[in-house]
Structure formats: structure tokens, C-alpha cells
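Asks:
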Amino acid sequence: MERIKKIPLFIIAAVLIGLKTYIVYRFYFNLSIESAFQEIILFINAFAFSFFVFAIGVWFKERRQKKFIYITTIVMTFILIANLMYYRNFTDFITLPTLMQVNNVGDLGGSMISLIHIEDLFLILDVALIFYLARKEAFPVKTFSKLFKRRIVTVSLSVVILNLVLAEIERPMLFKRGFDREYLVKNVGIFTFHGYDAFITASMQSKRLFADGSEFNEIEEYVKETVEDSKDANQKIDIENVAEGKNIVYIAAESVQQFVINREVYGEEITPFLNDLIEDSYYFDNFYHQTALGKTSDHEFLLDNSLYPLPNSAAFFTHAQNEYYGLPEIINNKRDYKSYVFHANNASFWNRNVMYETLGYEEYFDIESYEFTKEDEIGWGLNDKIFFDQSVDILKELDDPYYAKFITLTNHFPFDIPESEANLPLYESDSVTLNQYFQTVRYTDEALEEFFATMKEEGLYEDTIFIIGGDHYGVPSYHNEELGEYLGEEITPYEDAKLQRVPFIIHIPGHDDSRTISTLTGQIDYKPTILKMLGIELDEDIRFGSNLFDQPEDRKDFIAFRDGRVIGNDYVYAAGMCYDNESGEAVEEVNCDPIREAATKELNYSDEMIYGDLLRFYDFDRGEVIESAEGE
Ligand code: GP9
Ligand code: MN
Numbered sequence: 011m012e013r014i015k016k017i018p019l020f021i022i023a024a025v026l027i028g029l030k031t032y033i034v035y036r037f038y039f040n041l042s043i044e045s046a047f048q049e050i051i052l053f054i055n056a057f058a059f060s061f062f063v064f065a066i067g068v069w070f071k072e073r074r075q076k077k078f079i080y081i082t083t084i085v086m087t088f089i090l091i092a093n094l095m096y097y098r099n100f101t102d103f104i105t106l107p108t109l110m111q112v113n114n115v116g117d118l119g120g121s122m123i124s125l126i127h128i129e130d131l132f133l134i135l136d137v138a139l140i141f142y143l144a145r146k147e148a149f150p151v152k153t154f155s156k157l158f159k160r161r162i163v164t165v166s167l168s169v170v171i172l173n174l175v176l177a178e179i180e181r182p183m184l185f186k187r188g189f190d191r192e193y194l195v196k197n198v199g200i201f202t203f204h205g206y207d208a209f210i211t212a213s214m215q216s217k218r219l220f221a222d223g224s225e226f227n228e229i230e231e232y233v234k235e236t237v238e239d240s241k242d243a244n245q246k247i248d249i250e251n252v253a254e255g256k257n258i259v260y261i262a263a264e265s266v267q268q269f270v271i272n273r274e275v276y277g278e279e280i281t282p283f284l285n286d287l288i289e290d291s292y293y294f295d296n297f298y299h300q301t302a303l304g305k306t307s308d309h310e311f312l313l314d315n316s317l318y319p320l321p322n323s324a325a326f327f328t329h330a331q332n333e334y335y336g337l338p339e340i341i342n343n344k345r346d347y348k349s350y351v352f353h354a355n356n357a358s359f360w361n362r363n364v365m366y367e368t369l370g371y372e373e374y375f376d377i378e379s380y381e382f383t384k385e386d387e388i389g390w391g392l393n394d395k396i397f398f399d400q401s402v403d404i405l406k407e408l409d410d411p412y413y414a415k416f417i418t419l420t421n422h423f424p425f426d427i428p429e430s431e432a433n434l435p436l437y438e439s440d441s442v443t444l445n446q447y448f449q450t451v452r453y454t455d456e457a458l459e460e461f462f463a464t465m466k467e468e469g470l471y472e473d474t475i476f477i478i479g480g481d482h483y484g485v486p487s488y489h490n491e492e493l494g495e496y497l498g499e500e501i502t503p504y505e506d507a508k509l510q511r512v513p514f515i516i517h518i519p520g521h522d523d524s525r526t527i528s529t530l531t532g533q534i535d536y537k538p539t540i541l542k543m544l545g546i547e548l549d550e551d552i553r554f555g556s557n558l559f560d561q562p563e564d565r566k567d568f569i570a571f572r573d574g575r576v577i578g579n580d581y582v583y584a585a586g587m588c589y590d591n592e593s594g595e596a597v598e599e600v601n602c603d604p605i606r607e608a609a610t611k612e613l614n615y616s617d618e619m620i621y622g623d624l625l626r627f628y629d630f631d632r633g634e635v636i637e638s639a640e641g642e
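For the sequence shown, this note's numbering begins at 11 and goes up steadily by one.
1) Check whether the region 303–322 touches the region 283–295, counting contact only when three or more Cβ pairs, one atom from each stretch, lie closer than 8 Å.
2) Can we count His353 as close to the ligand MN, meaning its CB is less than 8 Å from some heavy atom?
3) Over the uninterrupted beta strand (DSSP E) stretch that includes Gly578, give me the two end residues.
4) At what residues does the beta strand (DSSP E) containing Glu192 begin and finish?
5) Does DSSP put Phe281 in a helix, in a strand, or in coil?
6) Among Ser379, Glu472, Ser441 and Asn363, whose alpha-carbon lies nearest the alpha-carbon of Asp102?
7) Ile643 bridges to which residues according to DSSP?
8) So, helix, strand or coil for Ile288, using DSSP?
9) Looking at the secondary structure, which residues open and close the alpha helix (DSSP H) in which Val34 lies?
10) In whole angstroms, what is the alpha-carbon distance linking Glu460 and Lys395?
11) What is the rounded straight-line gap between the Cα of Ala609 and the Cα of Gly188?
12) Could you compute how far the alpha carbon of Leu613 sits from the alpha carbon of Ala354?
13) What residues are listed by DSSP as bridge partners for Phe352?
14) Quick check: what's the CA-CA separation for Asp564 versus Glu238?
15) Phe568 bridges to which residues according to DSSP?
16) Is it true that the CB of Glu44 sits closer than 9 Å to the CB of Phe283?
17) With DSSP collapsed to three states, give me the class of Gly67.
18) Mind listing which residues have their beta carbon within less than 6 Å of any non-hydrogen atom of the ligand MN? Chain order is fine.
19) At the level of alpha carbons, what is the spacing between Asn114 and Gly336?
20) Looking at the structure shown, is Phe559 part of a helix, part of a strand, or coil, going by DSSP?
21) Taking only the alpha-carbon atoms, compute the straight-line gap between Ile478 and Phe398 and give it to the nearest angstrom.
22) Rounded to the nearest angstrom, what separates Leu418 and Ile515 at their Cα positions?
23) Could you give the first and the last residue of the continuous beta strand (DSSP E) run that contains Val259?
24) Rounded to a whole number of angstroms, what is the C-alpha to C-alpha distance between Glu49 and Tyr35?
25) Throw me the rounded Cβ distance for the Ile8 and Phe554 pair, which I believe falls under 8 Å.
26) Closer than 6 Å by C-beta to Phe203: which residues in its own chain qualify, once you throw out the five before and the five after it? Chain order, please.
27) If Leu303 and Ser323 are in contact, beta carbons under 8 Å, what's the gap, nearest whole angstrom?
28) Hey, how far is the Cα of Leu625 from the Cα of Ser487?
29) With Thr420 and Ile388 assumed to form a contact (beta carbons below 8 Å), what rounded beta-carbon distance in angstroms separates them?
30) Since Thr301 and Lys566 should fall inside the 8 Å C-beta cutoff, what is the C-beta to C-beta distance between them, to a whole number of angstroms?
31) Closest to Ser265 by CA distance: which of Asp631, Tyr447 and Asp551 is it?
32) With H, G and I counted as helix, E and B as strand and the rest as coil, what does DSSP make of Tyr335?
33) In this structure, does DSSP put Leu541 in helix, strand or coil?
34) From Tyr276 to Leu167, what distance separates their C-alpha atoms?
35) Does any C-beta atom of chain C lie closer than 9 Å to the C-beta of Ser528?
36) Measuring alpha carbon to alpha carbon, tell me which residue in Tyr80, Leu174 and Asn93 is nearest Phe141.
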């Protein structure tokens with residue numbers, strides 16, 4: 011007992027608050043813990059931060075030390091409780107940008123009482139205990155020796171670093187990519203998460219502060235000269251107005267790459283449904299994904315804005331508070347379309363719940379809109395077949411006309427699928443990832459087939475335009491050796507760049523034209539194409555893509571990737587080398603200079619737009635820069 015009494019108060023406080031944090035994670039929030047490793051990280055992070063903060067107290071003199079312990083106890087408890095209240099209402103964690111949005115917090119105010127539960131009393135027990143012990147002087151608060159201080163700093167920092175290392179192992183690039191607030195909280199803890207959020211918000215705001223709208227004119231001029239299709243250019247295929255009054259369904263085919271189209275595994279087609287569908291559709295077979303760290307969300311960002319994703323972060327995460335002129339907002343303003351998203355995942359994954367509101371989506375049918383048990387899951391979550399089936403039930407209740415985005419999930423890395431669900435023979439190679447990939451792609455293909463059949467049964471097919479696009483690559487280059495064996499060719503950097511093609515299909519029921527279009531195109535071209543199909547002519551849009559149906563000679567001749575690679579009509583720049591786009595042979599680097607320079611310029615403009623939040627300086631109704639440039 012005497013020895014226990016020698017333990018300094020700050021350690022007692024750190025343990026109590028750490029324990030409480032862990033209990034809140036485990037029993038108050040509804041976090042999904044998938045492995046023992048995750049459980050360990052959760053436990054460590056709860057104590058790591060608490061210990062680190064309370065250890066700062068050792069640098070203070072006795073009286074101040076006590077004060078420091080009081081304040082830290084109260085502040086940490088307050089943060090926990092505030093997040094808990096917010097979580098109970100929004101199933102999400104507090105961020106600075108949402109705090110600044112008065113309506114969110116206001117929403118909370120009204121229902122505050124119902125958010126407080128009786129078991130919350132437990133959350134202040136330790137506060138009372140710490141205060142009591144401090145007053146009773148049961149545990150010492152004293153001036154510590156220099157050696158002790160140094161040791162304590164080293165130990166507490168080491169634990170924090172250990173936590174960060176474990177988190178990085180569990181979720182590589184967690185801080186860069188952000189993913190999901192739940193992931194962040196699970197891996198680095200709620201307090202570190204707030205620090206991270208504050209850092210992101212501050213660095214974003216500082217870049218934004220320096221912009222005043224004057225940057226806009228140059229970009230606007232560039233867009234007008236370089237990007238916009240000449241209004242009277244010969245349309246390769248006239249699709250203007252083809253979507254008028256029709257519903258539009260876009261399906262993001264998770265991780266589906268173009269190379270699986272019309273290919274077989276042991277004599278069986280991988281995507282029999284898509285192979286048939288493209289015969290009766292516009293099929294773009296030279297269409298590239300242009301995503302970066304933000305993967306699926308980057309593809310959504312490209313599609314809705316015709317802006318490039320960011321090089322170092324997921325724009326959905328870091329720039330969701332920007333002003334945009336997204337596709338949903340435009341088609342709502344101009345044609346009264348309401349936009350919806352269907353995706354059976356957490357609402358906050360990729361910060362979608364926030365970003366969708368910014369972009370003008372009416373509603374997001376997330377995981378909460380689906381009913382399923384563990385048995386209905388494959389890999390990342392609800393299987394695509396049930397997902398589509400339940401989505402149609404919601405879809406048929408919506409008023410026309412609508413724009414509906416479906417995001418599939420079964421074909422997600424690592425492409426796990428139970429044998430009983432796999433209808434394609436398992437490919438045999440040294441890459442388990444590749445072998446399973448074919449099977450999960452097939453699963454999504456079957457789900458799509460069922461979806462089309464249900465749409466027909468429900469009488470929803472005829473009035474809808476269907477667009478199917480792969481969001482990004484599925485098979486990582488790490489498996490190129492096995493993929494090369496399958497394709498029957500060695501995968502050079504040139505081939506690897508060409509493998510970034512994803513299928514892009516526009517299926518218009520009742521339309522009498524269908525063909526394969528091989529114009530060099532990419533995700534950046536989506537928004538202008540949809541606008542064209544709806545007959546919306548915007549003078550006032552800022553975008554970097556153009557109508558997919560334009561004649562190749564009316565289009566820019568490059569597709570820019572975020573990793574420095576550029577695809578041109580004649581040349582491909584990849585891995586620091588220039589390749590002839592016909593033979594795939596390496597040629598002199600200078601040949602690639604024009605497309606490289608053009609791509610760099612355009613990417614920089616796009617980044618400038620996002621970092622400076624420049625669209626806030628633009629008056630979309632008048633199609634001009636707001637002169638006063640206050641723009642708020
Ligand atoms: C998550 C799903 C997959 O909601 O969109 O995301 P990804 O890992 O492909 O970006
Ligand atoms: Mn994806």
C-alpha cells in the first residue's frame with residue numbers, strides 16, 4: 011500500500027482517463043473491431059495519448075501541476091462526451107469544419123436531452139475520483155528530478171510512436187488518405203484524430219487565405235481556349251439531348267479494369283454480361299481512370315467536377331468544404347434532376363456524408379438503408395447482388411427524373427469470395443490476388459445482370475440511361491508478373507500505364523446506334539458528357555474534360571495521371587521514359603515533352619482551383635469572376 015501511495019498523481023490520472031477512453035471506444039461508440047491486432051491498437055492508443063498529455067505535467071511546479079491535471083481531466087472528458095453526443099446523433103466524429111457549420115451543431119442542440127443516457131454518469135466518476143485524490147493528497151504531486159522528467163518524456167513519446175507505427179501497419183498511409191473517421195479513431199485514438207483534423211483544417215485554410223480570385227482569369231482563359239469543345243465542332247456522334255427527361259443511373263464497378271472485358275479464364279468469359287451489353291451500347295475502350303490516393307472517392311470527384319484529384323490527399327477528405335459546381339447541383343438547377351447515391355458502406359467513409367452534401371446530392375442511401383446479416387457479406391461488406399436488389403426497392407419510390415449513383419463493393423481488394431459464390435473456375439497462378447480477382451469480377455458482372463433484369467421487371471428500364479464505369483485499377487502492379495503471364499506479354503511500364511484503362515459503357519435503351527469508341531478519354535470527361543446528353547450548355551463552367559463523343563481532333567491529346575504518367579495519342583510517358591504508343595517501344599524522351607508539359611500545366615491549374623477554393627470567386631449565373639473577390 012505504501013508503495014502504491016508513492017505513485018505520482020499524474021500517472022493515476024493518465025491511467026483512469028486512458029481506461030475511460032478505452033471503455034468509451036469499446037462500449038459507447040459502435041466501432042467495428044475486426045481483429046485481435048485492431049483490438050490491441052485500440053487499447054494502446056487509449057493509453058498512449060492520455061499518458062503523453064499527463065506526462066507534460068511533470069514539467070510544472072507542484073501547485074501548477076495539480077491545476078494542469080484538473081484542466082486536462084476536464085478537457086479530455088469534455089472531448090469524449092461531446093463526441094459521444096455527436097456520434098449518437100450522426101454516427102460520426104466531430105471535425106472542426108463541421109463545428110463551424112452552425113446548422114450541424116444546432117441540429118444537435120434540439121435533441122441534446124435524448125442524447126444523454128444514464129450510463130453516461132460513469133464518464134464523470136473518474137473525474138470526481140481524480141479531484142478527490144488530489145485534494146486528499148493521497149498521491150504525490152511534486153517537483154520531479156531532471157532525470158525523471160527526461161525519462162518520462164522518452165517513455166511517453168515512445169508509446170505514442172509505437173501507436174503510430176502499429177496504425178501504419180494496420181492501415182498503410184492512414185494519415186495521407188484519411189479513409190474514414192472511424193478508422194482514424196480506431197487506430198490513432200480520438201484525441202490524436204482531433205489533432206490531425208486541426209492540422210488538415212489549418213493547412214487547408216492557410217492556402218485558401220492567400221487566394222483572392224485573381225488567379226481565376228488565367229485559368230478561365232485556359233479552359234476556354236484549350237478544353238472547351240468548339241460548340242459547332244462536328245460531333246462524332248450526336249448525343250445532344252439524348253438523356254432529356256430520362257433517369258440516369260451510373261454504376262461504379264469497383265476495381266473493374268478494362269482488360270477483363272472479352273477475356274476468358276479456362277474457356278469461360280469473365281464478364282459475359284458486360285460483353286453482351288457493350289454490343290448494344292457505346293463502349294469506350296480507350297478510357298482511363300485518373301485516380302490517386304482517394305481511390306473510389308477520387309473517381310467520384312473527377313466525375314462530378316471534371317477537376318483532378320489532389321496529389322497528396324483525398325480531396326473528399328481535405329476539401330469537402332470548398333465551393334464546387336458539381337454535376338448534381340447543375341442538373342438540379344437546370345433540369346430539376348434530384349441526385350442520389352446508393353452504397354452499402356459507412357456514411358463517413360471517404361467523408362462522403364459531408365462531400366455529397368457539398369456536391370448537391372439529395373440523399374445518400376448508405377449502409378443504414380440496407381438490411382443484411384453476416385451471411386450476406388462478401389469481402390468488404392454486403393454483396394453486390396443483394397445490394398442491387400434492395401436498392402431497386404428504394405429507387406422505384408423516387409420521383410423522376412433522377413440521377414442515381416450506385417457504388418458496388420464485392421470486387422474490392424483482396425477479392426475474397428467463398429467458393430460457393432464463385433461461378434468462374436479459380437485461375438491458377440502464384441498470385442492469389444489475381445486468381446480471386448477474376449472470380450469477384452464475375453460476381454459483380456452477375457450482379458449487374460440481375461440488376462438489369464430487375465429494372466426491366468419493375469418497368470424502370472426503358473426510361474433510364476445506364477452508365478457503367480470502372481473506378482480504378484484492381485490488380486496492383488505488384489502482381490504484374492502473373493498478370494503478364496495471363497495476358498501473354500511482359501508488362502513494361504508502358505503496358506502498366508495502358509492497364510489503367512477501365513471499362514466505360516453508356517447503354518441507352520431503345521437507341522438505335524451502338525459502337526465501340528476508341529478516342530483517348532478519361533474520367534475527367536464524364537461531367538461534360540452528361541451535361542451534353544442532357545442538352546445543358548454551360549458558358550459558365552470551369553472544367554478540364556470534354557465531351558467523350560467529340561471527334562478526337564477536337565479534343566486535347568493527352569490524359570493526365572496524378573503520378574506523373576501521361577498518355578498521349580502518339581506517345582506514353584511512364585517511369586521516366588517515353589514510349590511509342592503504337593509499338594510500345596522506348597523512344598527519345600523529348601517526344602513526350604509536349605504532353606508532359608501540357609499535363610503538368612493543367613494539373614497545376616486544377617490544384618490551384620482546389621487549394622485556393624477558387625470557385626467561391628465565381629458567379630455561375632453570370633459566368634464571370636466576382637470582381638470584389640471577397641467571394642464568401
Ligand atoms: C468504400 C468503397 C471502396 O466505400 O468505395 O473504396 P476504395 O478502397 O476502392 O477507395
Ligand atoms: Mn474503389
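Using N, Cα and C, we set each Cβ at its ideal position, and we do this for glycine too.
Replies: So, to answer that:
1) no
2) Translated into positions along the sequence shown, residue 353 becomes position 343. Flag unset: Cβ of His353 not near the ligand MN.
3) Position 568 of the sequence shown, counted from the first residue, corresponds to residue 578. Val576 to Gly578 is the span of the beta strand (DSSP E), which, as asked, contains Gly578.
4) Stepping through the sequence shown from its first residue, residue 192 is reached at position 182. Glu192 -> not in any beta strand (DSSP E); alpha helix (DSSP H) instead, spanning Arg191 to Val198.
5) The residue given as residue 281 occupies position 271 in the sequence shown. A quick correction: the sequence has Thr, not Phe, at residue 281. Coil.
6) Here the question's residue 102 lines up with position 92 in the sequence shown. Looking at the Cα atoms, Asn363 is the closest of the given residues.
7) The chain is shown only over 11 to 642; residue 643 falls outside these bounds and no answer can be derived.
8) Counting from one through the sequence shown, the residue named residue 288 turns up at place 278. In the three-state reduction of the DSSP assignment, Ile288 falls in the helix class.
9) Here residue 34 refers to the residue found at position 24 when the sequence shown is read from its first residue. Note, Val34: premise wrong, no alpha helix (DSSP H); not H, not E.
10) For the purposes of this step, residue 460 is identified with residue 450 of the sequence shown, where counting begins at 1. For the purposes of this step, residue 395 is identified with residue 385 of the sequence shown, where counting begins at 1. The alpha-carbon atoms of Glu460 and Lys395 are separated by roughly 7 Å.
11) Within the sequence shown, numbered from 1, the residue matching residue 609 stands at position 599. Within the sequence shown, numbered from 1, the residue matching residue 188 stands at position 178. Answer to the nearest angstrom: the Cα atoms are 27 Å apart.
12) Looking up residue 613 in the sequence shown gives position 603. Looking up residue 354 in the sequence shown gives position 344. About 32 Å.
13) One-based indexing of the sequence shown puts residue 352 at position 342. Per DSSP, Phe375 and Phe416.
14) Stepping through the sequence shown from its first residue, residue 564 is reached at position 554. Stepping through the sequence shown from its first residue, residue 238 is reached at position 228. In this structure, the CA atom of Asp564 is about 9 Å from the CA atom of Glu238.
15) To locate residue 568, count along the sequence shown from 1; it is residue 558. According to DSSP, Phe568 bridges with Gly578.
16) Locating residue 283 in the sequence shown gives position 273, where the first residue counts as 1. Locating residue 44 in the sequence shown gives position 34, where the first residue counts as 1. In this structure, Glu44 does not lie closer than 9 Å to Phe283 by Cβ.
17) Along the sequence shown, one-based indexing puts residue 67 at 57. Helix, per DSSP.
18) Glu264, Ser265, Lys305, Thr306, Asp481 and His482
19) The residue labelled residue 114 in the question sits at position 104 within the sequence shown. The residue labelled residue 336 in the question sits at position 326 within the sequence shown. Caution is warranted here: a pLDDT of 49 is assigned to Asn114, below 50, making its placement in the model unreliable, and no coordinate value can be reported.
20) For the purposes of this step, residue 559 is taken as the residue at position 549 of the sequence shown. Residue state, collapsed to three classes: coil.
21) Locating residue 478 in the sequence shown gives position 468, counting from the first residue. Locating residue 398 in the sequence shown gives position 388, counting from the first residue. Distance between the alpha carbons of Ile478 and Phe398: 14 Å.
22) As a first step, residue 418 is located in the sequence shown; it is residue number 408 there, counting from the start. As a first step, residue 515 is located in the sequence shown; it is residue number 505 there, counting from the start. First, the residue type needs correcting, since residue 418 is Thr and not Leu in the sequence shown. For Thr418 and Ile515, the distance between alpha carbons rounds to 16 Å.
23) Taking the sequence shown and counting its residues from 1, one reaches residue 259 at position 249. Residues Asn257 to Ala263.
24) Here residue 49 corresponds to residue number 39 of the sequence shown, with the count starting at 1. Here residue 35 corresponds to residue number 25 of the sequence shown, with the count starting at 1. Their backbone Cα atoms lie some 10 Å apart in a straight line.
25) In this structure the chain extends from 11 to 642, so residue 8 is not present and cannot be described.
26) Position 193 of the sequence shown, counted from the first residue, corresponds to residue 203. Excluding sequence neighbours, Phe203 sits near Leu194 and Val195.
27) What you label residue 303 is simply residue 293 of the sequence shown in a count that begins at 1. What you label residue 323 is simply residue 313 of the sequence shown in a count that begins at 1. About 7 Å separates the two Cβ atoms, so the contact holds.
28) Mapped onto the sequence shown, residue 625 falls at position 615. Mapped onto the sequence shown, residue 487 falls at position 477. One C-alpha to the other measures close to 36 Å.
29) What you label residue 420 is simply residue 410 of the sequence shown in a count that begins at 1. What you label residue 388 is simply residue 378 of the sequence shown in a count that begins at 1. Their Cβ separation, rounded to whole angstroms, is 5 Å, which keeps Thr420 and Ile388 in contact under 8 Å.
30) Sequence index remark: in the sequence shown, residue 301 carries index 291 (1-based). Sequence index remark: in the sequence shown, residue 566 carries index 556 (1-based). Rounded, the Cβ-Cβ distance is 19 Å, inconsistent with contact.
31) Here residue 265 is taken as the residue at index 255 of the sequence shown, counted from 1. It is Tyr447 whose Cα lies nearest to the Cα of Ser265.
32) The sequence position of residue 335 within the sequence shown is 325, counting from 1. Residue state, collapsed to three classes: coil.
33) For the purposes of this step, residue 541 is taken as the residue at position 531 of the sequence shown. Shown here, Leu541 sits in a helix according to DSSP, grouped into three states.
34) In the sequence shown, the residue the question calls residue 276 occupies position 266. In the sequence shown, the residue the question calls residue 167 occupies position 157. Their backbone Cα atoms lie some 55 Å apart in a straight line.
35) No chain C is part of this structure, which consists of one protein chain only.
36) Working through the sequence shown from its first residue, we reach residue 141 at position 131. Ranking the options by Cα distance to Phe141, first place goes to Tyr80.
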